[in-house]
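In what follows, a structure is listed as structure tokens, so that the remarks can point back to it.
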Amino acid sequence: MDTISVAAARRAEAVGRTVRLCGWVRTRRDSKGGFSFIELNDGSCQGNVQVVAAGELPNYEDVVKKLKVGASVAIEGEVKASPAKGQATEIHAAKVDLLGDADAESYPLQKKGHTYEFLRTIAHLRPRTNTFGGIARLRHQVSMSVHQFFDERGFFYIHTPIITASDCEGGGELFRVTTIDPDKPPKTDGKTDYAHDFFGKPAYLTVSGQLQVEAFACSMGKVYTFGPTFRAENSNTPRHLAEFWMIEPEVAFADLTDNMNLAEAFLKRIVGDALAKCDEDLKFFAERVDKGLFDRLHAITGQPFLRVSYTEAVDILTKSGKTWEFPVSWGSDLQSEHERFLTEQHFKQPVILYDYPRTLKPFYMRVNDDGKTVRAMDVLVPGVGEIIGGSQREERLDVLETRMKEQGLHPEGYSWYADLRRYGTVPHAGFGLGLERTLLFLTGMANIRDVIPFPRTPGNAEY
Ligand code: ATP
Ligand code: MN
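Position one of the sequence shown corresponds to residue -7 (my numbering), numbered consecutively onward.
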């Protein structure tokens, strides 16, 4: 007898098979006719399969009629066509084994309708809910689409380091990695001496794999990295995590237009695959979380993304007549309120902003001929705001070094990165897509803490 998943058991093709199913009881209902219905879920899909357990089962009174919500069971039986609406099949149980009981008094998911805030406090049990099971399956699908998309296009998957001694953004948002005893740090001239630390110098958790993946783009052409990144930004927003996953393609012999085209094709593929393969989960989110979900998703696949320069965007914002919490003028960083106004209210569709002021962007972005702007791009989508940030990279050694100094960085610390320009430099470009922002977009969920299995945010690293 084959053990099959609930997803497989719910398909009409399974009718007639005798199978074994394992999962957790979502509900049990006892019929007056002396038998019971068990709704069984194993996480393989959004829906449950209905198990019909007859009163003739030897353990009917002792076990079946006492099955509680959350208990784990193994069921053997025949898959039959279901007479009920909304389900193709049901299981007629020949055997019901209780594997693990669940105390009805204390099981936190006994009742439905918990808030997301409460569910965050039981992050180890929330994957058993429809919402969090759906998010986990979508997260898996997006990850698979990422690898398939790049593999089909001849990209190589590069594993960039998690621990690094270079700070990609030059910002102060780094988590330090050290084995120094905080109570007894080695000191030289009264200062902690990292020469005595594990790596012989200060080291950090990576904020991005970009710099390292550039070395592989500048030798293998088309590459990407996909891994966890860490930012100690103390921004308690619904769009920031201290640990999140980022997908970063990097392409040699490519300019900003190529980069925009790649980003657009990539997002279209991710959304297209989710629409094709996660219909049941997306319908759940469209019904329960975000009524406009399918319209938003079809707006990605159905039309080209708009491309608008930063300068034009600032013009639109200043002429909008809106009062902003953060006032805008040319040279100011666009805040979430501005980005969302542009994509949600003004353009009402995905938009790629490009050519940002040089003062706003990191040293590695290519300086335009105007000297004032760099070849940066951000992809903005309704419901989320910025989902992708990227740029054409500065391939001219002298300009790169000027930019490093301009931003207070020591070129010596980046000599290996400068070597990529020193020996056989090429135009190249890349971007970073936040996996969790993508999931916010795909589900309509409002808080990024709810689209990663175990969120890490300021003051919170449970589990
Ligand atoms: P933001 O302006 O929203 O803080 P950023 O400009 O710092 O983002 P980038 O450095 O360009 O972000 O990173 C690329 C992508 O990674 C972003 O477009 C976003 O999708 C994602 N991202 C950045 N920071 C975070 C974070 N703290 N938590 C989750 N995702 C993030
Ligand atoms: Mn960005």
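In this text, a Cβ means the ideal position worked out from N, Cα and C, and glycines have one as well.
Short Cβ contact (8 Å threshold) for residue i with residue j
{"i": "G456", "j": "G424", "result": "In this structure the chain extends from -7 to 455, so residue 456 is not present and cannot be described."}
{"i": "S200", "j": "M238", "result": "yes"}
{"i": "G125", "j": "G35", "result": "yes"}
{"i": "T171", "j": "Q204", "result": "no"}
{"i": "R2", "j": "Q79", "result": "yes"}
{"i": "V56", "j": "L431", "result": "no"}
{"i": "S74", "j": "E82", "result": "yes"}
{"i": "F258", "j": "F141", "result": "yes"}
{"i": "D469", "j": "V65", "result": "This structure cannot speak to residue 469, because the chain is shown only from -7 to 455."}
{"i": "D347", "j": "Y302", "result": "yes"}
{"i": "I344", "j": "R299", "result": "yes"}
{"i": "R129", "j": "D273", "result": "yes"}
{"i": "R145", "j": "K214", "result": "yes"}
{"i": "A410", "j": "E387", "result": "no"}
{"i": "T365", "j": "P354", "result": "no"}
{"i": "Y99", "j": "G62", "result": "yes"}
{"i": "F333", "j": "K314", "result": "yes"}
{"i": "G422", "j": "V138", "result": "no"}
{"i": "S28", "j": "A4", "result": "no"}
{"i": "Y455", "j": "A224", "result": "no"}
{"i": "D325", "j": "L289", "result": "no"}
{"i": "L412", "j": "A207", "result": "yes"}
{"i": "W316", "j": "E331", "result": "no"}
{"i": "L248", "j": "R367", "result": "yes"}
{"i": "D(-6)", "j": "V11", "result": "yes"}
Residue i beta carbon near the ligand ATP (any heavy atom closer than 7 Å)
{"i": "I155", "result": "no"}
{"i": "H232", "result": "yes"}
{"i": "I440", "result": "yes"}
{"i": "L425", "result": "yes"}
{"i": "E378", "result": "yes"}
{"i": "E329", "result": "no"}
{"i": "M238", "result": "yes"}
{"i": "R385", "result": "no"}
{"i": "G381", "result": "yes"}
{"i": "R429", "result": "yes"}
{"i": "E5", "result": "no"}
{"i": "R223", "result": "yes"}
Whole-number beta carbon distance between residue j and residue i, since they are thought to touch under 8 Å
{"i": "I155", "j": "V169", "result": "5 Å"}
{"i": "A(-1)", "j": "V71", "result": "Contact doesn't hold; Cβ gap of about 13 Å is too wide."}
{"i": "F222", "j": "E235", "result": "5 Å"}
{"i": "N122", "j": "F276", "result": "6 Å"}
{"i": "E31", "j": "Q42", "result": "6 Å"}
{"i": "T456", "j": "S321", "result": "No statement about residue 456 is possible, as the shown extent of the chain runs from -7 to 455 and does not include it."}
{"i": "I292", "j": "P342", "result": "6 Å"}
{"i": "Q435", "j": "L233", "result": "The displayed chain sequence assigns Thr, not Gln, to residue 435. Not a contact, Cβ separation roughly 16 Å."}
{"i": "R112", "j": "R441", "result": "6 Å"}
{"i": "V17", "j": "K60", "result": "7 Å"}
{"i": "I127", "j": "V443", "result": "5 Å"}
{"i": "Y186", "j": "L166", "result": "About 13 Å separates the two Cβ atoms, so there is no contact after all."}
Span of the beta strand (DSSP E), counted from its first residue to its last, around residue i
{"i": "L372", "result": "T365 to V373"}
{"i": "E82", "result": "T81 to G92"}
{"i": "V71", "result": "S64 to A73"}
{"i": "G111", "result": "Position check: residue 111 holds Leu in this sequence, whereas Gly was assumed. No beta strand (DSSP E) holds L111; the alpha helix (DSSP H) holding it covers Y108 to R112."}
{"i": "I308", "result": "Unbroken run through I308 is the alpha helix (DSSP H), Y302 to K311; no beta strand (DSSP E)."}
{"i": "S28", "result": "F27 to N33"}
{"i": "E331", "result": "Premise fails: E331 lies in the alpha helix (DSSP H), S328 to R332, not in any beta strand (DSSP E)."}
{"i": "D325", "result": "Premise fails: D325 is in no beta strand (DSSP E) and is neither H nor E."}
{"i": "A244", "result": "E235 to A244"}
{"i": "Y52", "result": "Taken as a continuous stretch (DSSP letters only), Y52 belongs to no beta strand (DSSP E), as it is neither H nor E."}
{"i": "Y346", "result": "V343 to P349"}
{"i": "S321", "result": "Counting along the chain, S321 falls outside any beta strand (DSSP E), and DSSP gives it neither H nor E."}
Endpoints, the alpha helix (DSSP H) within which residue i is located
{"i": "S211", "result": "Q202 to M212"}
{"i": "N253", "result": "L248 to K269"}
{"i": "M465", "result": "The structure shown does not extend to residue 465, since the chain is modelled only from -7 to 455, so the question has no answer here."}
{"i": "M396", "result": "L389 to E398"}
{"i": "T430", "result": "L427 to T435"}
{"i": "F286", "result": "L285 to G294"}
{"i": "W456", "result": "As displayed, the chain neither begins before -7 nor continues past 455, which places residue 456 out of reach and without an answer."}
{"i": "V(-2)", "result": "V(-2) to A1"}
Proximity test, residue i beta-carbon vs the ligand NAP heavy atom, cut-off 7 Å
{"i": "R350", "result": "Among the ligands present in this structure, namely the ligand ATP and the ligand MN, the ligand NAP is not found."}
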